[in-house]
Structure formats: structure tokens, C-alpha cells
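Everything in the sequence shown is counted per the numbering used here, starting at 1 for the first residue and increasing by one.
Don't be surprised by glycine CBs; every beta carbon is placed ideally from N, CA and C.
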Amino acid sequence: MKRRSLLLALCSSAFISAPALADEVKQEAEKLAVAYTDCVAKKDAACVAALYTKDGVQINPGGVFSDLKTVYENNFKNGTDHIEIRVGNMSVINNDLVVANGETDIFGKDPKSGDATKVTVFWGAIDIREGGALKIRQLTVGMKPPPAKEASAEKK
């Protein structure tokens, strides 16, 4: 009987601590997004690249990229100034794995004209624990399509 009570107590504490652990991991993932935003605002490609795992990749309409410092250096050369991240969904799979998606507004200046630009992208991320910290393992970015045109009332 004592053995059964002890087992029940241990299992109960595991279920009680699991949501608390998930909240801590979620907060850690949110801090990663803030760090990403801060690195972009500083236009520091090495800072952004350091937020990825050693084998991290970015997938975007141009392909799959693992030289992340160069990717972000090019982004800054092409006018990226700062970003605003919106998380749509975030799932804490376990202490070492978070899957999330959302949208990001990328603000900058056209390198040729100097005009202000804003591009909205969809993104999905897989964050894993490496060296004790959550880092980006894969960031997939896609362009948000323009709004649909309204159907013409004079269709023939």
C-alpha cells in the first residue's frame, strides 16, 4: 500500500510540474523571438546567426541556406531595418523542442530608391535545445500573397 501511494504521489507531481515546465519553455521561446528582433534591429548578422543551432537552416523562396551570417548580411545590405514578429501558434513538444508559426513585418528601405518598404511574411520555426539554450534549428519563411482582387460586377 505504501509503495502504491508513493508511486501515485510521484506521478501526480510529474503531471503538476509538466504545465509549469511547458510555461517556462514557452517563455524561453518568446525570449528567443525578442533576441531575434533585437539582433535584426542592430543589423548584426553574427548576432542573428548565433541564435541558430550549429546545423541550423533557413528555408525561403530562394532555397535552403545554412550560411546564416551571409543570409542576414545580404538582408541588411538589401535594406532590412527592423522587424515585428507575431506568433500565431506555439506548441511546446517537450523541454527541448518548440514548434511555432506566425507572421513578421519586415521594415526597411529600398536600396535603389531609398523609399520605405514593408513586407509581410509567413514563417514556421522549429526550436531545439543546444548547449542548454533554445535555438532555431529551422526557420521557414514564405511571402504573404497580395490580397485577392474583388470580382468585377461586369463579368461577361
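| query | result |
| --- | --- |
| Sort W123, P111 and Y72 by Cα distance to V99 and report the nearest one. | W123 |
| Going by alpha carbons, who is nearest to K109 out of G131, R137, G79 and I85? | G79 |
| Would you give the residue range spanned by the beta strand (DSSP E) that A157 belongs to? | It is not possible to answer for residue 157, since the shown part of the chain is limited to 1 through 156. |
| Closest by CA to N101, which one among N95, R86 and S66? | R86 |
| For a minimum of 3 consecutive residues, which ranges assigned as the beta strand (DSSP E) are wholly contained in the stretch 20-105? | 52-60, 63-65 and 80-94 |
| With K118 as the anchor, note down where its beta strand (DSSP E) starts and where it stops. | A116 to E130 |
| Who are the near neighbours of A148 in its chain, counting only those whose CB is closer than 6 Å to its CB and skipping five residues on each side? | none |
| Take the Cβ of L32 as the centre, count every other Cβ of all protein chains shown within 10 Å, and call the residue buried at 16 or more, exposed below. | buried |
| Report all residues from its chain with a CB closer than 7 Å to the CB of R137; omit the five preceding and five following residues, and keep chain order. | T53, G56, I126, D127 and I128 |
| Hey, could you find the ends of the beta strand (DSSP E) A148 is sitting in? | Per DSSP, A148 belongs to no beta strand (DSSP E) and is neither H nor E. |
| Spatial neighbours of G88 within its chain, please: CB distance less than 6 Å, with the 5 preceding and 5 following residues excluded, ordered by chain position. | N101 and G102 |
| Under 8 Å by Cβ, that's how I've got I83 and D105 pegged, so tell me the actual separation to the nearest angstrom. | 7 Å |
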